[in-house]
Each structure stands twice: as structure tokens, then as C-alpha cells.
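Below: the structure, in C-alpha cells.
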Amino acid sequence: MTNATQKSHYWTGFRMGVPFLLVVMPFGLLFGVVATEAGLTTLQTLAFSSVVFAGAAQFAALQLMVDNAPTLIVVATALAVNLRMAMYSASLAVWIGDAPFWTRAFVAYVNVDQSYAVSINEFEDTPDLTVPQRVAFFLGAVSPIAPMWVVATALGIWLGEGIPEWMALDFAVPICFLAIIAPMMRTLAHMVAAVASIVFALVLAGLPYNLGLLGAAVLAMMIGAQVELWLTRKAAP
Amino acid sequence: MTDAYIWTIIAILGIGTYLIRFSFLGLIAGRDLPEWMLRHLRYTAVAVLPGLVAPLVLWPSATEGEVDPARLCAALVTFGVGIVTRNVVAAILCGGVTLYVMIWALGGA
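So the sequences go chain by chain: A and B. For the first sequence, counting from 1, position 98 maps to 98 in this note's numbering; every step adds exactly one. For the second sequence, counting from 1, position 95 maps to 1095 in this note's numbering; every step adds exactly one.
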């Protein structure tokens, strides 16, 4: 009985995860193409996608690696991109914190933007789900996208050089990023943080060791948090 | 890029990313996270990604760092459509079409 309902929650999650393939496939494909062009071997590119398993951070790291940035800077910047996942981890812990250790350890590995977003919505909409049902839903939601991320990367490696120059593939990365950033502009604080990030990144672009982006990110994060505080205080009677 | 450089980055990034994802789920209960920390974490993505994209948009390597009207327009359209529709796929498609139409119209590359 429990097994049957768990299965049905898995498939509900699966169905809700499928549409994200439209984003994950082109993004993964592009990573395969760009990484190969940057000089990574097939094995390195596939390892990158399956070990790190975080699109935005992978592109950020690759961009800096092409510029020959020091290892420490590459890692720090890419991890900064991934810091948002600490927040995902914290909010998932509220819902599935009582699941067994190894279950949580696996959920953490596949905790990506899409699976997080769709699961939190479901958990909040149906608060009477049991912990195993929530885990089943989460794993269902991530099932269509997780393997396809690596498959898409492999496809990109294979296509690689075959993509003609007129397709201006150089600009596919900025376009993908912009499309991901735009829906994040939820509040005034998010917008101010984004503008601060752009301004500081451009102003600090000349700093050695590609430190500019990291510095801009720290400043923009603090500014976003301050604007939020200021807005809440203003809204309070 | 040496092999050691690439593998070191993949390894550290893989472990670091996993630890970030596992953090609260694995070790501490998410309920007890201090508010000031959550407040900063909320802005990490919008603090890093726009700064990463800005130079790529303004000084694209394909034009050797010269501002390119086609790429600039495509970027603005992508972002605008993304904000209005909140639809990632629609934003990518509109931005892509803008880029190709502009490149074709301007006869550049």
C-alpha cells in the first residue's frame, strides 16, 4: 500500500520534471560544445557534468579557465554561484530532514534548481504528504533531467566542431544565462543586487587574477540583503 | 590549460558543490539557520551571474572586445522577454532569433 502511493508520487514528480528538459537539454549540449572548444577532453567534459552537476557554475568555471585564471579564483567564483544551493538545502531539510541519512545524501547530490523549485511548491501545496512520499516526489521530479544533463553534454561533445560559425555559438552562453537570470528578478532587492553586480564587475574588470567578479558578487550580495532589510523596515508600520 | 589544472578544478568543484548541497540537509536542521545568513544566501545567484554575463555582452570575444549591436540587442531582448514572460525557453528563442536577424541585417558576423 505505502509502496503503491510512493510510486504514484514518484510519477507525479516525474511528470512535473519533464518540461524542464527544454532548458536542460540545450544548456547541457552547449556545455559539451563549449568545453570541447576550450580544449577539455571528452572524459574531462563528461566528468565535469556528472561530478559537479551544476550548469551555471560549470559555465562560470569554464569561462575563467579559458582566461587562465588561478585555480583558487575559478573554484571560489564557481562555488559562489552554487551558494544558493545552501539555501535550497536548508529549506528541503525542513520537509525531508527526517529521511534516512543515505536518502538525504543522495537527495543532496541531485538537488538542482528545477527539482528544488518544483518540489518545494508541491510540499507547500500538499503539506500532509509523508516524508517518504515527499522523497518519492523529489526523486521523480529529478529523474527526467539528471541523466539527460550528462547525455546532453555527450551530445554536445559529439556535435562539437560540426556547428558552423554563422550560428554565433559564442553568444549562446550569455543568452542562456540572461534567460535564467531574468525570472530571478522577483523583488526590488533582487534587481538592485543584479545592477550592483553588473556595475562592480565592469568597474573591477581590470583587477588581477580575475578577482573582479568575486569582489563584485560579494558586494552585490551585501547590497541585496541591505535593500531587503531597508524595504522591510519601510513597510513596517 | 594543463590536465592537472582541469582535473583539480573538477575535483574541488565537485566536492565543494556537493558539500554545499548536503550542508543543512545532512548535518544541521534547516530550521535553525540565522535570518541574516538566509538573507544573504537569497541574493547569491543574482549577485554572481549578472556580473559574469555583463562583460560577455558588452565586450564579446567574437568581435575582439568591440561592442556589437547585434549581440547587445539580442541580450536586451532575451532579458526583457525573460522578465515579462518568466519563461526561460521563450526568452532563449526570442534572443536567438534577434541575434540571427540582426547579424543578417547588419551583414556582420
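Every residue, glycine too, gets a C-beta built ideally from N, C-alpha and C. Note that the structure is predicted; figures quoted are calculated from it, not measured.
Review point. Residues of chain B with CB under 9 Å from A/Arg183, in chain order?
Key: Position 183 of the first sequence, counted from the first residue, corresponds to residue 183 of chain A. Arg is not the amino acid found at residue 183 of chain A; the sequence shown has Pro there. Ordered by position in chain B, the residues that pass the 9 Å Cβ test against A/Pro183 are Gly1082, Ile1083, Thr1085, Arg1086, Asn1087, Val1088, Ala1091.
Query - Exposure label - A/Asn210; buried when at least 16 CB within 10 Å - result: For the purposes of this step, residue 210 of chain A is identified with residue 210 of the first sequence, where counting begins at 1. Flag for A/Asn210 reads buried.
**Item:** Neighbour-count burial assignment, B/Trp1036, 16 or more Cβ in a 10 Å radius
**Value:** As a first step, residue 1036 of chain B is located in the second sequence; it is residue number 36 there, counting from the start. Exposed: under 16 other Cβ atoms inside 10 Å.
Would you call the segment 222–237 of chain A and the segment 1011–1018 of chain B in contact, with 3 or more CB pairs under 8 Å? no
Counting C-beta neighbours from all protein chains within 10 Å, is the total for A/Asn82 16 or more, i.e. buried, or is it exposed? Translated into positions along the first sequence, residue 82 of chain A becomes position 82. It counts as buried.
Counting only the same chain and skipping the five closest in sequence on each side, list residues whose C-beta sits under 6 Å from that of A/Ala61. Residue mapping note: residue 61 of chain A aligns to position 61 of the first sequence, counting from 1. For A/Ala61, where only same-chain residues beyond five positions count, the Cβ hits under 6 Å are Val74, Ala78.
>> Suppose the cutoff is 6 Å on Cβ atoms and the five residues either side in sequence are ignored; what does the same chain contact list for B/Gly1030 look like?
In response: For the purposes of this step, residue 1030 of chain B is taken as the residue at position 30 of the second sequence. In this prediction, B/Gly1030 has a pLDDT of 49, which is less than 50 and means its spatial position is unreliable; what the coordinates show is noted afterwards. Same-chain partners within the cutoff: Phe1024.
Checklist entry - Which chain A residues are close to B/Val1101, counting only those with a beta carbon under 7 Å from its beta carbon? => result Within the second sequence, numbered from 1, the residue matching residue 1101 of chain B stands at position 101. Here the premise fails: no neighbours, minimum Cβ distance about 12 Å.
Determine the direct distance from the alpha carbon of B/Val1046 to that of A/Ala193, and round the result to whole angstroms.
As a position in the first sequence, residue 193 of chain A is number 193, starting the count at 1. As a position in the second sequence, residue 1046 of chain B is number 46, starting the count at 1. Cα-Cα distance, rounded: 6 Å.
Determine, for B/Ala1105, whether the minimum Cβ-Cβ distance to residues of chain A falls below 8 Å. The sequence position of residue 1105 of chain B within the second sequence is 105, counting from 1. Closer than 8 Å: no.
**Prompt:** If you run the structure through DSSP and keep just helix, strand and coil, what is A/Asn82?
**Reply:** For the purposes of this step, residue 82 of chain A is taken as residue 82 along the first sequence, with counting starting at 1. Note: A/Asn82 maps to helix in three-state DSSP.
Determine, for A/Ser119, whether the minimum Cβ-Cβ distance to residues of chain B falls below 8 Å. On the first sequence, residue 119 of chain A is found 119 positions in, with the first residue counted as 1. Judged by the 8 Å Cβ criterion, A/Ser119 is not in contact with chain B.
task = Tell me whether A/Ala236 sits in a helix, a strand or coil according to DSSP, three-state version.
result = Position 236 of the first sequence, counted from the start, is the residue given in the question as residue 236 of chain A. Correct three-state label for A/Ala236: coil.
I'd like the ranges of any alpha helix (DSSP H) spanning at least 4 consecutive residues and lying wholly in the segment 3–78 of chain A. 21–38, 42–47, 55–66
Q | Supposed contact pair A/Ala182 and B/Phe1022 - C-beta distance, whole angstroms, cut 8 Å | A | Translated into the one-based positions of the second sequence, residue 1022 of chain B becomes position 22. Translated into the one-based positions of the first sequence, residue 182 of chain A becomes position 182. The Cβ separation is near 29 Å, so there is no contact.
Measuring only between beta-carbons, confirm whether B/Leu1056 sits less than 8 Å from chain A. Here residue 1056 of chain B is taken as the residue at index 56 of the second sequence, counted from 1. So, interface residue.
Starting from A/Ala174, trace the alpha helix (DSSP H) in both directions and tell me its first and last residue. Counted from its first residue, the first sequence places residue 174 of chain A at position 174. The question names Ala, yet the displayed sequence has Pro at residue 174 of chain A. Here the alpha helix (DSSP H) through A/Pro174 covers 172–181.
>> Using a Cβ-Cβ distance cut-off of 8 Å, determine whether B/Val1067 contacts chain A.
In response: For the purposes of this step, residue 1067 of chain B is identified with residue 67 of the second sequence, where counting begins at 1. B/Val1067 does not count as touching chain A.
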